[in-house]
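The numbering used here runs 455 ahead of the 1-based position in the sequence shown.
Here a beta-carbon is modelled for each residue, glycine too, at the ideal position from N, C-alpha and C.
Note sheet for the following structure.
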Amino acid sequence: MHFCFITGLYSRYDVLMFERQGKSLVEAGFKVTYIVCDNLPNEIKEGISIVSTGYSPKNRIDRFLNTKKILLEYINRIDADVYQISDPELISLVVPLRRKNKKVIFNLREYYPDMIKSKPYIPKIFRGLVSYFYSQNMRFYLKRYDVVFVVTTWIIDILKDDFKLNNFELLTNFPILNQEYNLTFEEYSDRENVLCYIGTVYKSSKQDKIFQALTNISDIRYLIAGVIDENNDLEKFEYWKKVEFINGFNYNEMPKIMSKATISNTLRDFGKNDGSLGVIKIFESMEAALPVLLSDVPLYRAIVNKYKCGICVDINDPKQIENAIRYLIDNKREAYQMGQNGRRAVIDEFNWEKQAERYIHKIKSITYK
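Written as structure tokens, this is what we have:
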């Protein structure tokens, strides 16, 4: 059975499609092709055939206007049995693929209508309208897919209740288990006090509130490793001068970065939403045996109540954030135990290996029906 990923947005080594889904499909006996838009040569890596279009969009307008047309040419050449799409602007590709009697999957990695509302390249006056039209696009096209993989529960509620869909499946990008994460209390207590933030720094991560909290704590450093969203100007804050910033990193470097930290900041302002299981940095931090600072929303409160793996705080309350950080600094034994509890939770529940079983099972069920 031939499976093909299609993307004009994500990299050829994307941590979900390549590292998790692609490798799992190869292990399950699928032939796997991954069509990407970049200027790198074709290659076979980890059993996955990576096919480049040789086209790398110059800007967003170029991507929106040309990517779909170019990818369609390669889709016709590959002639796979099953195709998976993740890019929001490629959602309509289901139509030509279904005409060819192909099985088609959409991987809904975020709830895009909400994301559109915060995009700085869309004039603010038009964001609500663009968001509405994209939600109507979703309503029209998603029902044509064989299955829609969804990253968290509240998005399922929207698809089920508002869009009246029933072709969805929860699939979360949990960590691939790393057996080398072993941390003794002595090793943990010997570390310098370091709060870390891993991944893209969105405006919704409210770094200004973190900075306010840290201003009153002298015995901790703040490490940010990742990329800063274009809508987030951190250099204007005085505390930014004290931040250790690692501008981007390779996925394989994450254990080394995590080994510098004693607390992980995973805070984000979710507005009216119930958090998300798709905030992978939460579970990567838990796997690395770090106590986590979590947004005080029902989803995360339930996780903390069950596993005792961190502290939930109001992202908009610097004093709460400060108190939580101070508590973890002053109570090292309890902070260490929270980290150990979190690692056990990932081993038992929040890992990709368990998700992979569901992913493969669902793909086989739509392929052979």
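| query | Near residue 713, what residues of its chain come up, given a Cβ to Cβ distance below 6 Å and the 5 sequence neighbours on each side ignored? | reply | 743
| task | State the Cα-Cα distance for the pair residue 550 and residue 596, rounded to the nearest angstrom. | result | 8 Å
| query | How long is the line joining the alpha carbons of residue 699 and residue 650, rounded to whole angstroms? | reply | 10 Å
| task | Might you give, ordered along the chain, the residues of its own chain that have their beta carbon closer than 8 Å to the beta carbon of residue 589, omitting 5 neighbours on each side? | result | Counting only residues of its own chain and dropping the five nearest sequence neighbours on each side, residue 589 has a CB closer than 8 Å to the CB of 543, 567, 568 and 571.
| request: Assuming residue 674 contacts residue 784 (C-beta within less than 8 Å), just tell me the rounded distance between them. | output: 7 Å
| task | Answer yes or no: do residue 670 and residue 643 have a C-beta to C-beta separation smaller than 8 Å? | result | no
| said: Between residue 408 and residue 563, how many whole angstroms is the CB-CB distance? I'm expecting something under 8 Å. | reply: No information on residue 408 is available, as it lies outside the stretch 456 to 824 that the chain covers here.
| said: Please report the distance separating the alpha-carbon of residue 560 from that of residue 531. | reply: 17 Å
| query | Where do the N-terminal and C-terminal ends of the alpha helix (DSSP H) with residue 592 fall, by residue? | reply | From DSSP, the alpha helix (DSSP H) with residue 592 extends over 579-596.
| message | Quick check on residue 579: buried or exposed, where buried means 16 or more other Cβ atoms within 10 Å of its Cβ? | response | Counting Cβ neighbours within 10 Å, residue 579 comes out exposed, since fewer than 16 surround it.
| field | Candidates 498, 541 and 476, of which the one nearest residue 461 by Cα | value | 541
| With contact counted as at least three CB pairs below 8 Å, one residue from each stretch, are the region 609-623 and the region 702-711 in contact? | no
| task | List in chain order: all unbroken alpha helix (DSSP H) runs of 4+ residues lying wholly within the region 516-562. | result | If we require 4 residues or more, the alpha helix (DSSP H) runs fully inside the region 516-562 come out as 549-554.
| query | CB of residue 498 to nearest heavy atom of the ligand ADP: below 7 Å? | reply | With respect to the ligand ADP, the structure offers nothing, as it holds no ligand at all.
| For residue 656, which three-state DSSP category applies? | strand
| C-beta atoms of residue 480 and residue 487 nearer than 8 Å | yes
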